[in-house]
Every structure is written in structure tokens, then in C-alpha cells.
Amino acid sequence: DAKTTQPNSMESNEEEPVHLPCNHSTISGTDYIHWYRQLPSQGPEYVIHGLTSNVNNRMASLAIAEDRKSSTLILHRATLRDAAVYYCILRPTLNFGNEKLTFGTGTRLTIIP
Amino acid sequence: DTAVSQTPKYLVTQMGNDKSIKCEQNLGHDTMYWYKQDSKKFLKIMFSYNNKELIINETVPNRFSPKSPDKAHLNLHINSLELGDSAVYFCASSLGGRTEAFFGQGTRLTVV
Chain R
1 DAKTTQPNSM
11 ESNEEEPVHL
21 PCNHSTISGT
31 DYIHWYRQLP
41 SQGPEYVIHG
51 LTSNVNNRMA
61 SLAIAEDRKS
71 STLILHRATL
81 RDAAVYYCIL
91 RPTLNFGNEK
101 LTFGTGTRLT
111 IIP
Chain F
114 DTAVSQTPKY
124 LVTQMGNDKS
134 IKCEQNLGHD
144 TMYWYKQDSK
154 KFLKIMFSYN
164 NKELIINETV
174 PNRFSPKSPD
184 KAHLNLHINS
194 LELGDSAVYF
204 CASSLGGRTE
214 AFFGQGTRLT
224 VV
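Heads up: the sequence lines are chains R and F, in that order.
So the first sequence is residues 1 to 113, counted in the numbering used here.
So the second sequence is residues 114 to 225, counted in the numbering used here.
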């Protein structure tokens, strides 16, 4: 599985934007970039995913570099509820029989009131 | 109206016992998973089922036996529990194995 690299931890002030980076220099052309987060004492929760173009949804935006070797999850206005561990995951699309999410160590996001 | 539900939420048991964790999803998904999160918070896939057929078994000891009676259920039975089995176990489901996955709230298993 292609590997992702994320900072271990980040802090941000409440109500400010947060940019969570992810490096994936060995990404293949058919890998989707997925982001999940895990709030304290809960199961992981899907945030967003994309292939090449930037993506927006109600939770966040995903900015993907032109060479696809890095991406950034953007929370536009962080709230205390956004404090969680954020995981950047590459998910192959042409690998039937190997459907799984391979979690790394993620980035622990702390929101400062 | 929980999408992926696991029971029990907490399970404390003695070494050597046999226990089961149940998982049900009401999303109409055809792929279900079991993940284990250890004390260092590392999440790792254990099993994956598609349409009741096992498609991933990530070198899990054969004391762990998943069973999928239908597409909506994936239960995990553990024989001869060991201290190292203590962890949080998460069930998840998705459609087709490539769409977003929905996770349950987890079952915290403590073996004493």
C-alpha cells in the first residue's frame, strides 16, 4: 500500500481555518485520497475524498496538488467539536479483493478555545 | 437510527474465555469489516467480507472467527481469550468496498 506522511499533531484556534497536510509521494494514478477523522471515544468518521480535482463538502475541503504527491484537508472554521485525529488514506481503485482502509498514525488536532 | 451498531459496547472477561461481538448495519451495504485498535491507538484491518464471503484475513490468529449470516451482519467470535486481545474492536461497512466506510462506536474488550 502506498504510504502517507502526516504531522503527529497540530493546534489551531477556535473559529479559524485549519490546514492539515498529507504527503503521499508514492501515490499511483488510480489511488483515491481519503480523509477520515476519529473523535475521542468514537469510531472513525468519513470526511472527504478526491482523485485529482479539489473537492468540497459540508464538512471540509480537500486541496490536491497538481502532481498528486500531497494534499491538504481544510476545515474552514474550526470548532471545539473538530478536535480529533485526522487520517489521510490512499485507497486503490483497481485492486479488487483488497478493499480496506490502511490507517497510519494520523494528525491529532487540538482546538484552542 | 444507528447505521452501524455493535454490541456489547464494553466487555470484560477472563483469560481463556470465549466471547462474541455482534455487528449489524442498516445501510444496505454489501461489504463489512472488523478493525482492531490497540492501546497505542493504531487501527488495523482484521477481516473484510463482501456479500457474506471472506475477502481479507490479515494474518489474524485462528482464535478469531468472523461469521456473516447475511449481508447486514458480521459477528466476531474469539476463542481462548488472551491478555493481548484487549483492544477496541470496530465494525464498519461500505458499498462495493470502495465507497466511504461507516464505522460503529466500537467494543472495548478487556481481558483480565
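The C-beta atom is built at its ideal place from N, Cα and C for all residues, glycine as well.
Asked	Found
Tell me which same chain residues have a C-beta within less than 6 Å of the C-beta of Q38 of chain R, skipping the five on either side of it?	P44, A84, V85
Can at least three beta-carbon pairs, one atom from the segment 152-169 of chain F and one from the segment 99-107 of chain R, be found at a separation below 8 Å?	yes
Identify the contact partners of S161 of chain F in chain R, using a Cβ-Cβ distance below 7 Å as the criterion.	E99, K100
Flag Q138 of chain F as yes if its beta-carbon sits less than 8 Å from any beta-carbon of chain R, otherwise no.	no
Is the number of C-beta pairs between the segment 167-175 of chain F and the segment 54-67 of chain R that are closer than 8 Å three or more?	no
Is the beta carbon of S152 of chain F less than 8 Å from the beta carbon of G217 of chain F?	no
Are Y148 of chain F and A205 of chain F touching if we call contact CB-CB under 8 Å?	yes
Can you name the start and end residues of the beta strand (DSSP E) that Q138 of chain F belongs to?	132-138
Can you pull the chain R residues whose beta carbon is under 8 Å from the beta carbon of I134 of chain F, in chain order?	None at all; the shortest Cβ gap to chain R is about 13 Å.
How is the beta strand (DSSP E) around H186 of chain F delimited, first residue to last?	186-191
Compare the beta carbon distance of A63 of chain R and V18 of chain R with 8 Å and say whether it is the shorter of the two.	no
Of all the options F:D143, F:N163, F:S178, F:E213, which has the alpha carbon lying nearest to the alpha carbon of Y32 of chain R?	F:E213
Does chain R have any CB closer than 8 Å to the CB of Y123 of chain F?	no
What are the boundary residues of the beta strand (DSSP E) that N23 of chain R is part of?	18-23
With 16 as the cutoff for other CB atoms within 10 Å, does L196 of chain F come out buried or exposed?	exposed
Can you tell which of R:L20, R:P7, R:Q42 has the C-alpha that lies nearest to the C-alpha of L75 of chain R?	R:L20
With 8 Å set as the bound, which would you pick, yes or no: does the beta-carbon of L187 of chain F sit closer than that to a beta-carbon of chain R?	no
My output table needs one value for R77 of chain R: the three-state DSSP class, helix, strand or coil.	coil
Buried or exposed for V125 of chain F, please, with buried defined as at least 16 other CB atoms from any protein chain shown within 10 angstroms of its CB.	exposed
For T4 of chain R, which residues of its own chain have a beta-carbon under 8 Å away from its beta-carbon, when the five flanking residues on both sides are left out?	C22, N23, H24, C88, I89, L90, G104
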